[in-house]
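J.: Questions regarding the structure given below will be posed in turn.
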Amino acid sequence: MEPTVYRIALAGLGNVGGSLLSILHQESESLQTRYGVKFKLTGVAELGGGAINDEGLDLGLLLNTLSAKSKVSTLPDIGRPGMQASELLALAKPDFLLEATPVNLKDAEPSLSNIRAALNASVHVVLANKGPAAVAFNELAEISDMGKGWGKNFGDLAEAIHTEIRPKLRFSACVAGSLPAINLGWRDLAGCQITRLEAVFNGTTQYIIRAMEDGQSYDSALADAQRRGIAETDPSLDVDGWDAAAKLVIAANSVLGQSTQLSDVDRQGIRDLTLKDLQEASNNGLRMVPVATAVLVDGAYQLSVRPTPLPLDHPLSRLTPDEMGVVYYSRDVDRLSAASSEPGPEPAAAAMLRDMLDIIRSQSIH
Numbered sequence: 001m002e003p004t005v006y007r008i009a010l011a012g013l014g015n016v017g018g019s020l021l022s023i024l025h026q027e028s029e030s031l032q033t034r035y036g037v038k039f040k041l042t043g044v045a046e047l048g049g050g051a052i053n054d055e056g057l058d059l060g061l062l063l064n065t066l067s068a069k070s071k072v073s074t075l076p077d078i079g080r081p082g083m084q085a086s087e088l089l090a091l092a093k094p095d096f097l098l099e100a101t102p103v104n105l106k107d108a109e110p111s112l113s114n115i116r117a118a119l120n121a122s123v124h125v126v127l128a129n130k131g132p133a134a135v136a137f138n139e140l141a142e143i144s145d146m147g148k149g150w151g152k153n154f155g156d157l158a159e160a161i162h163t164e165i166r167p168k169l170r171f172s173a174c175v176a177g178s179l180p181a182i183n184l185g186w187r188d189l190a191g192c193q194i195t196r197l198e199a200v201f202n203g204t205t206q207y208i209i210r211a212m213e214d215g216q217s218y219d220s221a222l223a224d225a226q227r228r229g230i231a232e233t234d235p236s237l238d239v240d241g242w243d244a245a246a247k248l249v250i251a252a253n254s255v256l257g258q259s260t261q262l263s264d265v266d267r268q269g270i271r272d273l274t275l276k277d278l279q280e281a282s283n284n285g286l287r288m289v290p291v292a293t294a295v296l297v298d299g300a301y302q303l304s305v306r307p308t309p310l311p312l313d314h315p316l317s318r319l320t321p322d323e324m325g326v327v328y329y330s331r332d333v334d335r336l337s338a339a340s341s342e343p344g345p346e347p348a349a350a351a352m353l354r355d356m357l358d359i360i361r362s363q364s365i366h
């Protein structure tokens, strides 16, 4: 049987976008054999240009170009110097728009406008860029399958089934890469009343705190993380708690069913964390962990991000420096947890592929 062909367009050729191309290239035969699908990449957008080929771009050629630190827009025949990401939809004519451009937590532009246009054109969207989902989740939900049923542990299942005709929006890669934080809440706790969520959603702060446990100062641990490529040159999104807060907002909107903005999160970063703080926690049989928390109080979730002392046997206390994790508590399933190792961009790229296959599966069951 011939595989079903899906046209895809990728916005963003950074670490995650490049890793996704590599996975699609390596797993092409496996995807056809195991899932009966073939992904045809008809367009990519990078900073200052892109590449378009209606017959499908050569993934090996694109990967070699990226490896050589060159621009795909310079490739003969297919390169489009000066092309904007906003043109990708019309030129590539995709079934899926894959969004892996840099994060903007202020207004999520220009990616938000491109995603809005894709959904309004009945194109499925898969996000690795958390900005649009953190800034405008409710708006995007209303023009996608997220608009009915999903927001409160599926809500009215009959209504959820009727939304199958809407374009799909998936974003599990936005919330700690391959960590199934969203999927645990959506699927494994469907029908359960979640009373508490605790998570390590940011790998940079996790790495820094664990390095401080080994005796490094905050400044030394941050510099080490930057040398290793774990922390950005400007680490403020991570160390000031914005990244974890954005992921918590996405989880609150999509899993907990509570309309939430970044301003709703009580946020404390780790800049002021000292070795004395960690030692005090240790003396009390605790371990300092950068925790994002949602707690159900009087019918509403209270949200926070802050370094928190936890018992040593807590699932989040047992995470290694390159791991992230999530713990759900509910009335029916006492505790459900998961952890993932996130040493580089590959797990986030794999999560994007996971979401693509989830969309295809969801279409086939209705």
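Every letter in the sequence shown is one number past the one before it in the UniProt record's numbering, and letter 267, counting from 1, is 267. For every residue, glycine included, the Cβ atom is placed at its ideal position computed from N, Cα and C. Note that the coordinates shown come from a computational prediction; the quantities given were computed from them, not determined experimentally.
Thinking C-beta only, is Leu278 closer than 9 Å to Met324?
T.: 9 Å or more divides the Cβ of Met324 from the Cβ of Leu278.
J.: Could you give the distance in angstroms between the alpha-carbon of Arg7 and the alpha-carbon of Ala221?
T.: 44 Å
J.: If we count the other Cβ atoms within 10 Å of its Cβ and call it buried at 16 or more, is Met352 buried or exposed?
T.: Here Met352 is buried, its C-beta having at least 16 other C-beta atoms within 10 Å.
J.: Given a cut-off of 9 Å, decide if Ala244 and Ala199 are closer than it, judged by their beta-carbon atoms.
T.: yes
J.: Since Thr293 sits in a beta bridge, which residues does DSSP pair it with?
T.: Glu198, Ser304
J.: Check whether the Cβ atoms of Ala349 and Ser70 sit closer than 9 Å, and answer yes or no.
T.: No, they are not a contact pair.
J.: Could you have a look at Leu357 and say whether DSSP puts it in helix, strand or coil?
T.: helix
J.: Give the DSSP bridge partners of Val44, in chain order.
T.: Leu10, Ala51
J.: According to DSSP, is Ala349 helix, strand or coil?
T.: For Ala349, the secondary structure class from DSSP, reduced to helix, strand or coil, is helix.
J.: Tell me where the alpha helix (DSSP H) around Met324 begins and ends.
T.: Segment 323-330 is the beta strand (DSSP E) holding Met324; no alpha helix (DSSP H) there.
J.: Report all residues from its chain with a CB closer than 8 Å to the CB of His25; omit the five preceding and five following residues, and keep chain order.
T.: Leu59, Gly60, Leu63
J.: What residue range does the beta strand (DSSP E) around Asp219 cover?
T.: Note, Asp219: premise wrong, no beta strand (DSSP E); alpha helix (DSSP H) at 218-227.
J.: Starting from the C-beta of Asp95, find all residues in its chain whose C-beta is less than 6 Å away, skip the five residues before and the five after it, and write them out in chain order.
T.: Cβ within range, chain order: Tyr6, Arg7.
J.: Here's the rule I'm using: 16 or more other beta-carbon atoms within 10 Å means buried, otherwise exposed. How should Trp150 be labelled?
T.: Interpretation of Trp150 is limited by its pLDDT of 46, a score under 50 that renders its predicted location unreliable; no figure is taken from the coordinates.
J.: Hey, quick one: how far does the beta strand (DSSP E) through Val126 stretch, first residue to last?
T.: 124-127
J.: Excluding five sequence neighbours on each side, which residues of the same chain lie with their C-beta closer than 7 Å to the C-beta of Leu91?
T.: Gly43, Ile52
J.: Where do the ends of the alpha helix (DSSP H) carrying residue 367 lie?
T.: Nothing can be reported for residue 367: it is not among the residues displayed for the chain, which extend from 1 to 366.
J.: Using the C-alpha atoms, what's the distance from Tyr218 back to Leu31?
T.: 44 Å
J.: Just how far apart, CA to CA, sit Leu357 and Leu336?
T.: 24 Å
J.: With 16 as the cutoff for other CB atoms within 10 Å, does Lys106 come out buried or exposed?
T.: exposed
J.: Taking the straight line between their C-alpha atoms, what separation do you get for Pro227 and Gly17?
T.: Residue identity check: residue 227 is Arg in the sequence provided, not Pro. Straight-line Cα distance between these residues: approximately 22 Å.
J.: Sorted by chain position, which residues of the same chain lie with C-beta nearer than 7 Å to Asn15's C-beta, five sequence neighbours on each side aside?
T.: Excluding positions up to five away in sequence, the list reads Pro345.
J.: CB-CB under 6 Å to Glu232, same chain, minus the five flanking residues each way: which ones, in chain order?
T.: Cβ neighbours of Glu232 beyond the five flanking positions: none.
J.: If you pair each beta-carbon of the segment 234-249 with each one of the segment 280-289, do three or more pairs fall below 8 Å?
T.: no
J.: Please list, in chain order, all residues of the same chain as Met1 whose beta carbon is under 8 Å from its beta carbon, the five residues on each side excluded.
T.: Within the same chain, Gly36 come within 8 Å of Met1 by CB-CB distance, once the 5 residues on both sides are set aside.
J.: Is Ala9 buried or exposed, if buried means 16 or more other CB atoms sit within 10 Å of its CB?
T.: buried
J.: Determine, using beta-carbon pairs with one atom in the segment 288-298 and one in the segment 186-198, whether at least three such pairs fall under 8 Å.
T.: yes
J.: Beta-carbon within less than 7 Å of Val265's beta-carbon, same chain only, minus the 5 sequence neighbours each way: which residues are those?
T.: Ala245, Leu248, Val249, Leu303, Ser304, Val305
J.: Out of Leu98, Glu55, Thr308, which one is the CA nearest neighbour of Asp77?
T.: Each of Leu98, Glu55, Thr308 was checked against the Cα of Asp77, and the nearest Cα belongs to Glu55.
J.: Given this structure, state the Cα-to-Cα distance separating Glu27 from Thr33, to the nearest angstrom.
T.: 10 Å
J.: Which residue or residues does DSSP assign as beta-bridge partners of Thr274?
T.: Note: Thr274 sits in no beta bridge, so no partner.
J.: With DSSP as the reference, label Phe137 as helix, strand or coil.
T.: helix
J.: Would DSSP call Met146 helix, strand or coil?
T.: helix
J.: Inspect the beta-carbon positions of Pro307 and Val289 and report whether they are closer than 9 Å.
T.: yes
J.: How is Met288 classed by DSSP in three states: helix, strand or coil?
T.: strand
J.: Output yes or no for whether 9 Å exceeds the beta carbon distance between Gly79 and Ser73.
T.: yes
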